[in-house]
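J.:
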Amino acid sequence: MTDVTLSENAARRINAILAKQSGKDYLRVSVEGGGCSGFSYKFDLEDTKNDDDIIVERDGARVLVDEMSMEFMRGSEIDFSNELIGAAFKINNPNATAACGCGTSFSL
C-alpha cells in the first residue's frame, strides 16, 4: 500500500496556517490510542522534524508522520473539508473499519 497523500485542499489550508505561524514549518499528524472508536488523530504544528519522521509534501505544504503512526495510516489521504457545520482536516483512511461522527476517531 502507498504512503499518505495530501489533497489539494489540505495542502492549500496547511500553507495558509503555516504562513500565519512564525517558526512553524510542518503540520504533524499522529495516531494515538483513545477516542470513541479506539484510535484518534492528533494534529500539531512543528518547527523541526524527528529522525523517524516521514515527510509528506504537496504544493509546498509539508506534513510529518512518525513511523508508528504511518503503520495505521498507510494509503490514507489527508483532506480539508469546509462545510456548513465547520471546517476540519479529514483523514480518508482505507484501513479504518469504523469511524465516529467527530471524524478524528477510528478503529481497525
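Under my numbering, the residue at position 84 of the sequence shown is numbered 66, and the numbers go up by one with no gaps. Every residue, glycine too, gets a C-beta built ideally from N, C-alpha and C.
Can you tell me whether residue -8 is helix, strand or coil according to DSSP?
T.: The sequence position of residue -8 within the sequence shown is 10, counting from 1. Reduced to three states, the DSSP call for residue -8 is helix.
J.: Is it true that the segment 30 to 42 meets the segment 62 to 76, where meeting means three or more beta-carbon pairs spaced less than 8 Å apart?
T.: Verdict: no, contact absent.
J.: On the three-state DSSP scale, how would you describe residue 67?
T.: To locate residue 67, count along the sequence shown from 1; it is residue 85. Residue state, collapsed to three classes: coil.
J.: Quick check on the burial criterion: 16 or more other C-beta atoms within 10 angstroms. Buried or exposed for residue -2?
T.: Translated into the one-based positions of the sequence shown, residue -2 becomes position 16. Exposed is the call here.
J.: Name, in chain order, the residues that DSSP records as bridge partners for residue 15.
T.: In the sequence shown, the residue the question calls residue 15 occupies position 33. For residue 15, which the question treats as bridged, DSSP gives the partners 21.
J.: Between the C-alpha atoms of residue 78 and residue 58, what's the straight-line distance to the nearest angstrom?
T.: In the sequence shown, the residue the question calls residue 78 occupies position 96. In the sequence shown, the residue the question calls residue 58 occupies position 76. Distance between the alpha carbons of residue 78 and residue 58 is about 10 Å.
J.: Please say whether residue 55 and residue 74 have beta carbons closer to each other than 8 Å?
T.: In the sequence shown, residue 74 corresponds to position 92, counting from 1. In the sequence shown, residue 55 corresponds to position 73, counting from 1. For residue 74 and residue 55, no; Cβs fall outside 8 Å.
J.: Can you tell me whether residue -15 is buried or exposed, with buried defined as 16 or more other CB within 10 angstroms of its CB?
T.: Translated into the one-based positions of the sequence shown, residue -15 becomes position 3. With fewer than 16 Cβ atoms within 10 Å of its Cβ, residue -15 is classed as exposed.
J.: Quick check on DSSP: helix, strand or coil for residue 77?
T.: One-based indexing of the sequence shown puts residue 77 at position 95. Correct three-state label for residue 77: coil.
J.: Among the residues of its own chain, which have a CB less than 7 Å from the CB of residue 6, if the five just before and after it don't count?
T.: The residue you call residue 6 lines up with position 24 of the sequence shown. Excluding residues within five positions, the ones whose Cβ falls inside 7 Å are 0, 27, 28, 29.
J.: Whole-angstrom Cβ separation of residue 61 and residue 46, contact assumed at under 8 Å?
T.: For the purposes of this step, residue 61 is taken as residue 79 along the sequence shown, with counting starting at 1. For the purposes of this step, residue 46 is taken as residue 64 along the sequence shown, with counting starting at 1. In fact, because the Cβ distance is near 17 Å, the residues do not count as touching under 8 Å.
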